[in-house]
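Following: one structure in structure tokens, then a few remarks.
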Amino acid sequence: RIHFAINCASIGCPELGRHAYQAATVNAQLQRQAILINNNPRWVRFSKDGHTLHLTEIYNWYSGDFSQAAGSVLKFVARFNKQIAADLAAGHPPAITYMIYNWQLNSVENRP
Numbered sequence: 003r004i005h006f007a008i009n010c011a012s013i014g015c016p017e018l019g020r021h022a023y024q025a026a027t028v029n030a031q032l033q034r035q036a037i038l039i040n041n042n043p044r045w046v047r048f049s050k051d052g053h054t055l056h057l058t059e060i061y062n063w064y065s066g067d068f069s070q071a072a073g074s075v076l077k078f079v080a081r082f083n084k085q086i087a088a089d090l091a092a093g094h095p096p097a098i099t100y101m102i103y104n105w106q107l108n109s110v111e112n113r114p
């Protein structure tokens, strides 16, 4: 989940949280951030036909971390996205593609 909390100041990075991460609440904060990212079409979305899942390039770059945590990238996403969890449970895993990462500066002028 840490990959959803790190921000590199580009549009493709996860958005900064409203509060600094605190030792006492870091697990809840990371959980909340992972749910937000995995249910936001900027980072996770289905194709119009519903057969292909488009994921942030972060999942490709750190696929080993996500696979180690959950068994696969798709299973990791399913931990935080109910639609994907239901598709997996029904035996209908979507194909995965990775979106081109947007390295533009995350500024008011460049916001999607």
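Numbering (our numbering), first residue to last: 3 to 114.
C-beta: ideal position from N, C-alpha, C; glycine also.
Status (buried if at least 16 other CB within 10 Å, exposed otherwise) for residue i
i	result
P16	buried
Q70	exposed
V28	exposed
W45	buried
N42	exposed
I102	exposed
Which of helix, strand or coil DSSP assigns to residue i
i	result
L107	strand
7 Å Cβ shell around residue i - same chain, five flanking residues per side excluded
i	result
S49	H56
S65	V75
Beta-carbon contacts of residue i that lie in its chain and below 8 Å, excluding the five residues immediately before and after
i	result
P96	F48, G52, H53, T54, L55, L76, I86, D89
A30	none
Q24	Q31
E59	G14, Y100, M101, I102, Y103
Nearest residue (CA-CA) to residue i, options the options
i	options	result
I39	Y23, G73, F78	F78
G19	Q106, L32, E59	L32
Q35	F82, W63, Y61	F82
N62	Y23, T99, L107	T99
R3	A72, G93, H94	A72
Contacting residues, own chain, Cβ-Cβ under 6 Å from residue i (five flanking each side not counted)
i	result
I37	F82
Heavy atom of the ligand MN within 7 Å of residue i beta-carbon
i	result
N29	This structure lacks the ligand MN, and indeed carries no ligand of any kind.
Every unbroken alpha helix (DSSP H) within the segment 28-99, with a cutoff of 4 residues, ordered by chain: Whole alpha helix (DSSP H) segments, 4+ residues: 28-39, 59-63, 65-72, 75-80, 84-91.
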